[in-house]
Every structure is written in C-alpha cells, then in structure tokens.
Amino acid sequence: MNKIINLAKLITTIKLSLVFVLSVFVQTSLFAQGGKDLFKTNCAACHSIGSNKLVGPGMEGINEKRSREWLLKWTKNSAELIASGDKDAVAIFEEFSKIPMPAQALSDEQLNQIFDYLANPNAETAVKTETATKTEGVSEEVLLGEKVFKANCAACHSIGDNKIVGPGLKGINDKRKFEWLVKWIQNSPELIASGDADAKAIFEEFNKSPMPPQPVSEADIKAILAYIQNPPSDKKEAAAEEVAVSETSSTDSKSVMITLGVIIVILAGLVLLLNKARVSIAKAAADKEGVAYSGPVSFADACKYTISKNSGLVALVVIVLFFGGLVKVMNNANTIGVHTGYKPEQPIKFSHKVHAGDNKIDCNYCHSSARHSKISGIPSLNVCMNCHKYVDGSSGKTFTYNGQEYSMVDEIKKIYSALDYDPSSQKFGDNPQPVKWIKVHNLPDHVFYSHQQHVTVGGQKCQTCHGPVEEMDVVEQYSPLTMKWCIECHKTTGVMKDGNGYYEEMHARMTDKYKEKWLGDGKLTVEEIGGWECAKCHY
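Take any residue in the sequence shown, note its place counting from 1, add 462, and you have its number in the working numbering.
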C-alpha cells in the first residue's frame, strides 16, 4: 500500500516538474536569438561578414583561419589571451594598433551560434534561388551585350531615346549599318576625318565633341546591338534572392511556432494521462483498504492539493519565477528608447549599398560636414546632380530596396522633380521643393555629440557607430547609442594620435610621469583624456 501511495506522490511530482519545465522552455524559446541576431547585436558595429575591414577585420573564412577553441577564448577575453603570449593574439593586437577587442559577455553556446552563422551566413535566411528567371529565353549574346554596354557605354548613352551625354540608342540598328557602327565605335575621329557625311553631322550636332574610341571587338559590338534591340527582362537575381530570404524567414518563424504548439499539446496530454493514472491508483488503494476515496480528482484539484502539502517547494518556485520575471522586466526596460534596427523607407529610395558599397563612394563625399561640424548633414541634391546629371538610370538598371526591386530611372526622376530640373534641356526651373527625408539616428536633446570630434580628431570610421552602411540598401540604426555603449567605446577605443596635430600641444605640455601613464601602452583612449567627465557629453 505504501508503495502505491509513494507512486502516486511521484506521479504528482513529475507532473509539477513537467509544468515548470514547460514554462521555462516556452520563455526561453521566445527570447532565444539565432547566430545572425547575436552577430548583428554584438559584432556588426566592428566586423563585416565579408572580407572588408570595418573597425576590426572582416569575418569571412574565420572558421578556417582559427580553431573554434581559440576563437572562443579570443572573443571572451582578448586581453587575457594577449597577456598569455599567444602568438596569433599578439600579432592581431599589433596589427590593429594595439587596440584589444572588448571582452564579450556571451556564453559558449551563443558564441558557437555566431561562428556557425559566419561559416554559412545564408543558411539562416535562404538558399539562393536559381537565376533562370533572369536568363530564361535570353540568348548568351544579349547577356554579353548587357555586360559590355554597362561597362563601356552606360555612362554616356541610354538604351532608350533620351539623351545623356550622347544620344539615346533606341532603334540604332535600323538607323545605321553594322559596318558603319563598328567604324564609329572603334574610332570615331578617324571616321570623321575620312569625310563620312553621317559622322560629320553627328560631330556637329554634339558641339564637335567626338566619341572616344572604344576598345571593343566586332563581336562585342554585335552583342551590344543585340542587347539594345532586345533588352532582357528587368527582373534581377538580387530581387529574387531578397524575396526568397523574406519568404524563407517567414516560413521558419511559422515552423518554430507550429513545433512549439505541438510540444505544448503533447506535454498537456501527458499531464492529463498521468493525472488519470494517479486517480485510478489512488482509488484502487482506497478500495483495497475498504474506504471511499476522497482525494482530488481533476488536475486543478490535484494542483491545489499538492500546493497545500508542499508549501516550501511552491515558495521556491514562486521566488524563482518572480526574480526571473523581474530580470526580464528590467532587461526590457533597458530597451526603452533604444531603436536598434529602426530603418524607415525614405521618400527617395536611396541605396547606400549601391553608392558606398558597389561604387565605393566615400561617406564624406556626400556627408562632407561630418569632418568639420557637429552634425554629418543631409547631402544637398546638388551633390546628387554631380553624378545624376549624366547617370539617369535609363540604361535599364534596377536595384533592390527593402526586399523589392525598383527602377533606377524612376528614383532619379524624383531628384529631378525636387530640383525642378528638365533633363532634356538640362536647365533648372524656379520651383525647387525640399525632400522630406526621415531621420534614422536620434540622440536625446541633452546629449552633446560632435561628428568632427570623432571623425577628424579621433580618426574614427563611420562604421564604428553606424555599422556596415556599405552593405545596407535601407540604412538602419545598428548601434544602440545608449550611454553604456558610448562609455564602453570610450574605455576601449584608441584615438588616432600619430600625425594628428590636435594632440601635439597636449603631449608637449604633458609631464614625463603622465606620458608614461597614459602613453606607455601605445594607445590613448577617450577615457584617458577625460572622456568620462559628465560635462563632456552633457551640457
């Protein structure tokens, strides 16, 4: 009889344990982060997933370069690994101006998730779609022509009928013979000098500016003309991949929720079966003793009964859940006013990936005031026109913006409209309108921040705070921009002191004692020059 009673108590304990484990599992699942999210939150401000350097090196191929054990040690505490005399750690320390990587408060499991993501960045989002959509029904000659045209011709000509620097090329196959076009493209000055009437007429029409000779073969020219006559569909592989990423991400999220729902149903069913078994055993024990069973029957009654008999265990569970919930509340409170990941769509779909990434345009070319002002400034549309007076997108180019594909010519027309510019006459009107750009990065009003002080005096790259902007089509807030984040950066980041005239007078007045104290390690941090004083950032 005692064995039966003990078995019933054991079943009850198992049920409570399952309920507790289930609650913890649900909470943990809801707050879990994958390797991509962990990388974005903790690493992306200083590292890219490619080979290009930001503040630190690019992470492409990092799993092949270093062992996982070494990577975990380095990420958790690089300073400790350097102090141990590890050759690789010391070499990296020297390469990056003796600036150690800040220690990351992440578990081994989280770090492994990050490095697994870096080993295959596309695995968490999507498998690349095939490019058949773009090339289906399009000859290899046309595809070659598109490539050669964009490399050699698109800066001056469109495949439509609008002028850029030179005339639009729509219908050129019907206007000129192939032999004439070959001579003109390969050496127009020679054709003009020969007295050819058509060549001389074009020369006169375009203010006696000859077309530069092009280093292309007859086969290339034939391919270009085939492309102009029959350009392929505007649909691009990049857009297909972005759609696949979005769809796969949505599917993955649904799969996780379905799996979680199935687990909950199974566990709930198991609890009910165990409760039924407990009641049957208890009734059998009571019948054997010749008494009526008066214990709890339903699961709810069993929970009440168990709680009343196990007040100490219940108190422990309540305390654990209370403080666990309190920690989550505090963590969530720390995110109030933190807009990491905020990326509004702009009125003109300007892609930083196209400009800063693909075309390697320096950030300071457009945001020129960042070097001599508190603010980086919104580029004037006149800066855009330095290029887009000639590059009007009529070559048929498209680009990806927030997962969708857009025509470049449509967005450039918005610039023309805002400036009241007529591309056909190349004249500006008298009714320009401002573009209502949406601000992305916003500090509280009581915080002082100067771009000049960071970019020019400190020698910091834009990516230090803004992340890999050259990889973004829609710019988003990458860093949290919290006080803690700024203080940690000021504690670990060395300012550019060599050849920087800003610090010459400061160092000249510094006594030997403080030179040894502050400059002895070869690095001068913002903290060491008073960057932690409250008045530095708060008026």
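All C-beta atoms, glycine included, are put in the ideal place defined by N, C-alpha and C.
Cβ neighbours of K745 within its own chain (closer than 6 Å, five residues either side excluded): Y755. Residues L500, N504, T537, K538 and I576 of the same chain have their beta carbon placed closer than 8 Å to that of L568, with the five preceding and five following residues left out of the count. With a contact defined as Cβ atoms closer than 8 Å, G920 and M958 qualify at about 6 Å.
Inter-residue distance for K535 and E526 is about 16 Å (C-alpha atoms, whole angstroms). Counting of Cβ neighbours within 10 angstroms places V727 among the exposed residues, the total staying below 16.
Using a Cβ distance threshold of 8 Å, I544 and F558 do not count as a contacting pair. Excluding the 5 residues flanking it on each side, K859 has same chain C-beta neighbours closer than 7 Å at M870, in chain order.
V937 sits in coil when the DSSP states are folded into three classes, being neither helix nor strand.
Cβ contact annotation for P841 (same chain, cutoff 7 Å, sequence separation greater than five): C828 and H829, in chain order.
In the three-state scheme derived from DSSP, where H, G and I count as helix and E and B as strand, S869 is classed as strand. In the DSSP annotation of this structure, the continuous segment of the alpha helix (DSSP H) that includes T954 starts and ends at M945 to T954.
Using a C-beta cut-off of 8 Å, the stretch 633-648 makes contact with the stretch 673-687, since at least three inter-stretch Cβ pairs fall below that distance. Counting other Cβ atoms within 10 Å of its Cβ, D935 reaches 16 or more and is therefore classed as buried. Taking the Cα of H928 as reference, the smallest distance to any Cα among V610, G757, F910 and S838 is reached at S838. Assigned with DSSP and collapsed to three states, T926 falls in helix.
Residue pairing of D884 in beta bridges, as defined by DSSP: K889. Scanning P651, V741 and N864 for the CA closest to the CA of F761 turns up V741. In the three-state scheme derived from DSSP, where H, G and I count as helix and E and B as strand, F861 is classed as strand.
Its chain contains G497 as the residues whose beta carbon lies nearer than 7 Å to that of D578, once the 5 sequence neighbours on both sides are disregarded; these appear in chain order.
Judged by DSSP secondary structure, G607 falls within the alpha helix (DSSP H) whose first and last residues are E602 to N614. Of the residues Y878, P942, V604 and P677, the one whose Cα lies closest to the Cα of A506 is P942.
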